[in-house]
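Start counting the sequence shown at 630; every next residue gets the next number (the numbering used here).
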Amino acid sequence: MASDKVIRDYESAFASWLGARHAVSFWQGRVAEYAILRAMGIGEGDEVILSGYTCVAVPNPIKHVGATPVYVDIVPATYNMDPDKIEAAITARTRLIIVQHTYGIPAEIDSIQAIADRHGIPVIEDACMAVGSTYHGRKVGTFGLAAYWSMQWNKTFTTGFGGIVTTSDPELAQKIEQVWLDCMQAPSIKAKVLLAMMRLAHRLLVFPRTKRFMEGTYRWLTEAGLMGFNPPVREHLQAGAINLKRLGPGQAKAGIRELARLESNIEHRHELTALYDSLLREIGWPVPVTPSYCQSVLGRFPVRGADKPRARAEASRNLVELGSWFECPLHPIETPLAAYDYHEGMCPESEKASREVVNLPLHRRVTQDVARKCVKLLQEIGPADA
Ligand SMILES: *Cc1c(COP(=O)(O)O)cnc(C)c1O
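Here is the structure:
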C-alpha cells in the first residue's frame, strides 16, 4: 500500500540519518519505548533503572508491561543520571538501564555502559530530546542496544505525535517488528483527522500572520496541553495507560519533510543556544553544562535559579513561551508519583531541579528578538535567591 511505503521511507530516512541499521515507527515515543520493553520480554517482577528527573511518559510503559521503575538521581550540572548512583540501584531483578539525554545534553554513556557490562545488564537510550547531539563525535542513540525517539510537538522536530525505535541489532529489530505487527493498531480515521487539524494549527502558529491570531491560537493550544510539554493530563492519572498505535502516513510524510531540513533546524538551535548562553552569562545566571567531549543539540534551554512560579506567571501574562519542564521528578505536576513507585526524597537533586528549572524555547518561531525578550523577562524577575 502507498501509505505503508511512506512509513517505510520515513523509517529508512531516519535510520540512515542516524547511522543505525533499523528503525520502526510508532504513534508516540512512549509507544516506541513500550515496543522495546515487550521485545526484550520485560514484565512482571522485573526492574528497570531510569533517571529520576523525567517525564511520566518514561515510567508509563514500564508500568504497562508490569515491571517496576527504579529511579536514579541526577548530576545537577547536566541533569543526567549520576553514574555513581547506579550501582546502588541494581538488584538481581534489574533487567534494563534506560539512559536519558536530558534537554539534549549527552549523558555519561561510557561509564554507565561499563557499570551495566559488569552486571550483564543491557542499556537503551532515551534520545527523545537529543536529536543530533554527539558523544565523542558519535551521535547519541547509537550507543545502547536500541534507542527511542519522540516527535511530539515540543521536540527538536515534530510530526504532531510520533515515535521511533532505532537499533543495529538484527535480532531485536525483528522482535520489534513483531510487536508492531501483533500489538499495534493503525490509527483510526478520527485520530488521523484530529491530528492533521492540530498539526495545521501548530504550523499556523509557527508562522503567525497576525498577532491576535497568534495569541488566540496560543491560548487554545496551551489549554489543549500542546504548547507546554504535557500531553493531555488524564492519561497519566492511570499508571500504565498507553495508546498502542502505529504511526500514520501523514505523520511519516511530515517526518520526511522535517528530516530534510534538520540541518538548518540544528543550526538555528546552535545560534540561539549561543545567544542565550551569552545573555545569561552577562547577567550572571548559570547556563547548562555540556562535557567537553560532547556536543549538545538542545531540545529546550534549561535555566536554573528563577523564581519559578513567578517566572511562569509573568511569562504567561506577557505571552513569553517559558517552559516548566520538569515540574516534578515525573513531569507533569499532576502525576500520581506513588502509583509510579516514586516517593518523595528518592532523588533530592531531581526534586531541587524541578523546583528551580525553567526552560527557554529554541524552535523555528524563536527569533533573536524573541530570545532576548525571554531573557529580559527572567532578568526582571531575578534569580530565586535574590
Ligand atoms: C517527549 C519525551 C518522551 C516521550 O515522548 P512521547 O512522544 O510524548 O511519548 C520520553 N522521554 C523524554 C526524555 C521525552 O522528552
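We put the beta carbon where it would ideally sit given N, CA and C, even for glycine.
For W778, the uninterrupted beta strand (DSSP E) run begins and ends at 775 to 779, by DSSP. With a cutoff of 8 angstroms, F790 counts as near ligand 1, since its C-beta is closer than that to a heavy atom of the ligand. For E716, the number of other beta carbons within 10 angstroms of its own is below 16, and it is reported as exposed. Selection Q803, K882, H730 evaluated against H651 yields Q803 as nearest (Cα-Cα). Annotation: the continuous alpha helix (DSSP H) that includes E980 extends over 977 to 985.
Contact between the stretch 726 to 739 and the stretch 758 to 769 is present: 3 or more CB-CB pairs across the two stretches fall below 8 angstroms.
Under the three-state reduction of DSSP output, Y708 falls in the coil class, being neither helix nor strand. In the structure shown, L927 falls within a coil segment according to DSSP collapsed to helix, strand and coil. The way I'd put it, the stretch 721 to 735 does touch the stretch 674 to 693; three or more beta-carbon pairs between them come closer than 8 angstroms.
Scanning M975, W782, T996, M669 for the CA closest to the CA of G884 turns up W782. DSSP links D755 through a beta bridge to Q729, Y777. The Cβ-Cβ distance between W656 and L991 does not fall below 9 angstroms.
Of all alpha-carbon atoms in T771, V1004, K882, L810, the one lying nearest the alpha-carbon of S645 is that of T771. The beta carbon of K784 sits closer than 8 angstroms to at least one heavy atom of ligand 1. Here G648 has K768, T771 as same chain residues with Cβ atoms under 7 angstroms from its own Cβ, once five neighbours each way along the sequence are excluded. Leaving aside the five residues that flank D638 on each side, the residues in its chain whose CB is nearer than 8 angstroms to its CB run, in chain order, A881, I885. Residue state for P965 is assigned as coil, using DSSP reduced to three classes.
Look at H765 here: in three-state DSSP terms it is coil, with no helix or strand label. Taking C-beta atoms as the reference points, I1010 and E943 count as a pair closer than 9 angstroms.
DSSP places P878 in the helix class (H, G or I) of the three-state scheme. Bridge partners of I678 according to DSSP: V699, I726. Taking C-beta separations shorter than 7 angstroms and ignoring five residues to either side along the sequence, the partners of E978 in its chain run D702, I703, P705, following chain order. Between V987 and A940, the beta carbon gap of about 5 angstroms places them in contact (Cβ cut-off 8 angstroms). Taking 3 residues as the shortest admissible run, the stretch 807 to 835 contains no complete beta strand (DSSP E) segment at all.
Put simply, of A745, G658, M975 the residue whose alpha carbon is nearest the alpha carbon of V794 is G658.
Beta bridge pairing from DSSP links G792 with F655, S779.
Segment contact: the stretch 747 to 756 against the stretch 917 to 924, fewer than three CB-CB distances shorter than 8 angstroms; contact not assigned.
Between the alpha carbons of R724 and N894 lies a distance of about 36 angstroms. The C-alpha of S983 is placed about 34 angstroms away from the C-alpha of M813.
Among the bridge pairs identified by DSSP, R667 is matched with none.
Between ligand 1 and Q880, a heavy atom-to-CB distance of less than 8 angstroms is absent. For the pair V685 and H960, the CB atoms are nearer than the 9 angstroms cut-off.
The secondary-structure analysis by DSSP pairs A935 across a beta bridge with P1012. Apart from the 5 residues on each side of it in sequence, I671 sits with its Cβ closer than 7 angstroms to the Cβ of V677, V694, A696, R724, L725 in its chain, given in chain order.
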